[in-house]
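Numbering (the working numbering), first residue to last: 3 to 283.
Where a beta carbon is used, it is the ideal one built from N, C-alpha and C, also for glycine.
Every value quoted in this text rests on a predicted model; they were computed, and no experiment measured them.
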Amino acid sequence: MKFFQTHFTKHHLLHSPHKWFLALLISPIHVAEMHYKNRYHINFVHAKKLFVFDMALVLSIFLLLAGTIFWFIYDPTVTKDVALSFQTTQTRINSGEKIVFTAHYQNNSEVLLTNASLGLRLPNSLVITSAEPKDSFDEQNNTFYLQNLVPGSSGEVNISGILYGEVDKEYNNTAILTYNQEERSASEQVVASTITILRNSVLQASIEAPTAILSHSTVPITLKIKNNGELLLENIKIPLSDVENFSISPIEEPKVGTVESGSWIITNLAPGREVEIKLNM
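As structure tokens, this is what we get:
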């Protein structure tokens with residue numbers, strides 16, 4: 003194109019930048035024109051038709067590629083703009099102690115989030131004692147129903163309870179915030195997690211036994227159980243089953259609890275209280 007050849011020069015860049023810029027915009031047309039003259043015009047009978055077909059094919063490939071890239075990078079969700087944190091009073095506690103789980107959420111997006119709910123996946127051995135806000139908590143599903151979250155709004159939920167379990171075992175706790183964008187039917191989720199480790203137990207055991215024993219003789223021992231926690235412990239079951247090379251049997255019925263099916267059953271044990279059972283081994 004004559005316009006391109008005339009104005010796409012250093013002189014016009016310095017003295018007539020608007021014409022130079024216009025020439026830059028139409029440069030693809032100039033390139034296509036030169037390509038047609040050099041490759042199609044002389045070599046083919048139906049040069050124009052073939053050229054148009056080839057350009058349409060190139061354009062289709064370009065649009066398909068652009069659409070594919072857009073499909074993979076486009077994210078209609080607002081999960082990156084919804085903040086969720088989940089934590090406990092402490093990550094290491096004793097089995098049988100009180101623990102509080104706290105989840106904080108905030109809508110930093112510019113859209114209304116509808117049908118919002120916050121579900122908590124907690125250890126099965128957690129005995130829940132309270133939940134705040136109580137009115138929005140579904141005890142069956144461990145879920146808080148938050149309704150709608152307007153842009154900029156935030157909130158916090160808490161669950162308190164007593165956690166029982168195995169010592170030195172990791173317990174994974176997860177908070178899942180589920181919602182819909184206004185006028186969108188697809189649900190979105192934001193997830194936060196924390197880990198709780200039971201370092202010990204509030205229920206402590208100790209054994210008193212003679213310092214010297216005779217081989218193949220029966221040894222009297224005293225098994226003591228103490229509640230070092232701050233809460234009443236209920237339904238305590240301590241197996242008295244035999245161990246390798248030893249046979250265990252109670253000498254007498256314990257003052258607290260009963261012996262049933264080879265186990266010492268204690269109905270409840272108050273904080274700070276210690277009970278014992280005398281055994282032969």
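### Task
Evaluate E141 with the Cβ neighbour count: other Cβ atoms within 10 Å of its Cβ, from every protein chain shown; 16 or more gives buried, anything less gives exposed.
Indexing the sequence shown from 1 puts residue 141 at position 139. Exposed, because fewer than 16 other Cβ atoms sit within 10 Å of the Cβ of E141.
### Query
In this structure, does DSSP put A105 in helix, strand or coil?
Residue numbering aside, residue 105 sits at position 103 when the sequence shown is read from its first letter. In the structure shown, A105 sits in a strand (DSSP, three-state: E or B).
### Message
For a test of the three-state rule: what should DSSP assign to T131, helix, strand or coil?
### Response
Position 129 of the sequence shown, counted from the first residue, corresponds to residue 131. Strand, per DSSP.
### Message
Using a 10 Å radius around the Cβ and a threshold of 16 neighbouring Cβ atoms, would you call Y76 buried or exposed?
### Response
By one-based count along the sequence shown, residue 76 stands at place 74. So Y76 counts as exposed.
### Message
Just to confirm before moving on: does the CB-CB distance between L281 and P256 stay below 7 Å?
### Response
Locating residue 281 in the sequence shown gives position 279, where the first residue counts as 1. Locating residue 256 in the sequence shown gives position 254, where the first residue counts as 1. Contact flag unset, no.
### Query
Who are the Cβ neighbours of E184 in its own chain at under 7 Å, not counting the five residues just before and after it?
The residue given as residue 184 occupies position 182 in the sequence shown. Counting only residues of its own chain and dropping the five nearest sequence neighbours on each side, E184 has a CB closer than 7 Å to the CB of V113, L114 and T116.
### Task
Helix, strand or coil for G231, going by three-state DSSP, please let me know.
If you number the sequence shown from 1, residue 231 lands on position 229. DSSP places G231 in coil when its eight states are reduced to three.
### Message
T196 and Q89 - do their beta-carbons sit closer together than 7 Å?
### Response
By one-based count along the sequence shown, residue 89 stands at place 87. By one-based count along the sequence shown, residue 196 stands at place 194. Yes. Within cutoff.
### Message
Let's test the definition: count the other Cβ atoms within 10 Å of the Cβ of I215 and tell me whether it reaches 16, buried, or not, exposed.
### Response
Here residue 215 refers to the residue found at position 213 of the sequence shown. I215 is exposed by the Cβ-count criterion.
### Query
Can you name the start and end residues of the beta strand (DSSP E) that E172 belongs to?
Numbered from 1 along the sequence shown, position 170 holds the residue referred to as residue 172. Segment E172 to Q183, the beta strand (DSSP E) holding E172.
### Query
Of the choices Q191, N229 and G259, whose alpha-carbon is the least far from that of P241?
Numbered from its first residue, the sequence shown carries residue 241 at position 239. For P241, the nearest C-alpha among the options comes from G259.
### Task
Check whether the Cβ atoms of V193 and E99 sit closer than 7 Å, and answer yes or no.
If you number the sequence shown from 1, residue 193 lands on position 191. If you number the sequence shown from 1, residue 99 lands on position 97. It is not a contact, given that the beta carbons lie outside the stated cut-off.
### Query
Where in the segment 55-122 do unbroken runs of the beta strand (DSSP E), each at least 3 residues long, occur, reported from the N-terminal end onward?
For the segment 55-122, the continuous beta strand (DSSP E) assignments of 3+ residues that do not extend past its boundaries occur at 84-90, 94-97 and 99-109, in sequence order.
### Message
Taking 6 Å as the limit between beta carbons, can you name the residues of its chain near F103, skipping five residues before and five after?
### Response
Residue numbering aside, residue 103 sits at position 101 when the sequence shown is read from its first letter. Closer than 6 Å at the Cβ level, and outside the excluded window around F103, lie T90 and I161.
### Query
Using 8 Å as the threshold, is the segment 49-61 in touch with the segment 76-86, meaning 3 or more CB pairs across them?
The segment 49-61 vs the segment 76-86: no contact.
### Query
So, helix, strand or coil for A194, using DSSP?
For the purposes of this step, residue 194 is identified with residue 192 of the sequence shown, where counting begins at 1. If DSSP states are grouped into helix, strand and coil, A194 belongs with the strands.
### Task
Classify F74 as buried or exposed, calling it buried when 16 or more other Cβ atoms lie within 10 Å of its own Cβ.
As a working mapping, residue 74 is identified with position 72 in the sequence shown. Within 10 angstroms of the beta-carbon of F74 lie fewer than 16 other beta-carbons, which makes it exposed.
### Touching by the beta-carbon criterion (3+ pairs, under 8 Å), the segment 158-174 and the segment 122-130
Here the segment 158-174 makes contact with the segment 122-130; the two share three or more CB pairs at distances below 8 Å.
### Message
Closest to I209 by C-alpha separation, out of V221, R201, A105 and T198, would be which residue?
### Response
Position 207 of the sequence shown, counted from the start, is the residue given in the question as residue 209. Nearest option by C-alpha distance: V221.
### Message
Given this structure, state the Cα-to-Cα distance separating N143 from T180, to the nearest angstrom.
### Response
Position 141 of the sequence shown holds residue 143. Position 178 of the sequence shown holds residue 180. Cα to Cα, N143 sits roughly 14 Å from T180.
### Query
For M283, which of I95, G69, V261 and I250 has the nearest alpha-carbon?
Translated into the one-based positions of the sequence shown, residue 283 becomes position 281. Nearest C-alpha to M283: I250.
### Rounded distance between the beta-carbons of N202 and N96, thought under 8 Å
Taking the sequence shown and counting its residues from 1, the one referred to as residue 96 is at position 94. Taking the sequence shown and counting its residues from 1, the one referred to as residue 202 is at position 200. Indeed they touch by this definition, with Cβ atoms about 5 Å apart.
### Task
Excluding the 5 residues preceding and the 5 following R94 in the sequence, name in chain order all residues of the same chain whose CB lies nearer than 7 Å to its CB.
Translated into the one-based positions of the sequence shown, residue 94 becomes position 92. Within the same chain, R94 has close Cβ partners I199 and R201.
#### Entry: Buried versus exposed, by CB contacts within 10 Å (16 or more), A105
By one-based count along the sequence shown, residue 105 stands at place 103. Sixteen is the threshold: when 16 or more other Cβ atoms of the shown chains lie within 10 Å of the Cβ of A105, as they do, the residue is buried.
### Query
Are there 16 or more other CB atoms within 10 angstroms of the CB of G69, so buried, or fewer, so exposed?
Taking the sequence shown and counting its residues from 1, one reaches residue 69 at position 67. With fewer than 16 other Cβ atoms within 10 Å, it is exposed.
### Query
Between W266 and the rest of its own chain, which residues show a CB-CB distance below 7 Å, the 5 nearest in sequence each way excluded?
Residue mapping note: residue 266 aligns to position 264 of the sequence shown, counting from 1. Closer than 7 Å at Cβ, skipping near neighbours: I240, L242, P256, G259 and I279.
### Query
Buried or exposed: where does N174 fall if 16 or more other Cβ atoms within 10 Å of its Cβ makes it buried?
As a first step, residue 174 must be located in the sequence shown, where it is residue number 172. The residue in question, N174, is exposed, as its Cβ has fewer than 16 Cβ neighbours within 10 Å.
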